[in-house]
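Numbering (this note's numbering), first residue to last: 2 to 163.
Cβ coordinates follow ideal geometry from the N, Cα and C atoms, glycine included.
Given the structure is predicted, the values throughout are model-derived calculations rather than measurements.
Heads up: the structure comes next, in C-alpha cells.
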Ligand code: PNS
C-alpha cells in the first residue's frame, strides 16, 4: 500500500492545504496528515482544535487520516513506517527552504523521499500566517479557508486578544 505523510502546522488549515491533500489523496492509497503539536510560533489553535478542523474539512476523503507528532518528522515517519512526504510548493521562494528540509529529512532517515505538489495559482498567495493577520484585523477570509475554519477564527479572535 502506498502511504504518504502530509505534514504541517495547519494553524489554521487553508483552502491551499486542502487542495494539496486532495490531490495527494488521488495518488496514494492512504494519506496521513501529520499535525505538528508544537510549531515554532505560538499557534492560534490548540493541537486538538487543529486536528478537529482538519478532520472536518477533509471528511470527504476516505483515505485520509489525521495524526500528530511532536519533535522530528523523521521520527514520526519511522514510527509509522512511511517513506514518502508530500509537501505543497506555492512559489520559488518556498522551494529553497523546502529543498533544505527535504534533504535534511533524507539525511536523518535515508530512504525518506519528499514529493512536491505545486499549488494551484488560485492559492499561490495563501498562507496560514496571512489568513490569521487578515482575520485578526477584522478582514474577511471567506473563500480562503473553509466556512468552518472561518467561523472558528472569528470566535478565536473575538474571544482572545491575540
Ligand atoms: O505548515 P508548516 O509550518 O510549514 O510545517 C512545517 C513542518 C511542521 C512540516 C516542519 O517544520 C517540520 O517538519 N517540523 C518538524 C521538526 C523537524 O523534523 N525538523 C527537521 C526538518 S528539516
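Check	Outcome
Reduced DSSP category for residue 51 - H, G, I as helix; E, B as strand; rest coil	helix
Reduced DSSP secondary structure (H/G/I, E/B, other) of residue 163	Below a pLDDT of 50, predicted positions are generally treated as unreliable, and residue 163, at 45, falls in that range; no measurement from the model is reported.
Where residue 41 falls: helix, strand or coil (DSSP)	coil
Residue range of the beta strand (DSSP E) that includes residue 20	No beta strand (DSSP E) holds residue 20; the alpha helix (DSSP H) holding it covers 16-28.
Straight-line gap, residue 45 to residue 54 (C-alpha atoms, nearest Å)	13 Å
Residue burial classification, residue 126 (beta-carbon count within 10 angstroms, cutoff 16)	exposed
DSSP-derived helix/strand/coil call for residue 11	coil
Residue 27 burial status per 10 Å Cβ neighbour count (16 or more: buried)	exposed
Pairwise C-alpha distance: residue 49 and residue 154	15 Å
Heavy atom of the ligand PNS within 6 Å of residue 149 beta-carbon	no
Below 5 Å from a heavy atom of the ligand PNS - residues by beta-carbon	8, 9, 10, 37, 73, 74, 102, 105
Ordered list of alpha helix (DSSP H) runs contained in the region 101-152, each at least 4 residues	129-137
DSSP-derived helix/strand/coil call for residue 77	helix
Start-to-end residues for the beta strand (DSSP E) that takes in residue 85	85-90
Beta-carbon proximity of residue 69 to residue 38, cut-off 7 Å	yes
7 Å Cβ cutoff met for residue 24 and residue 118	yes
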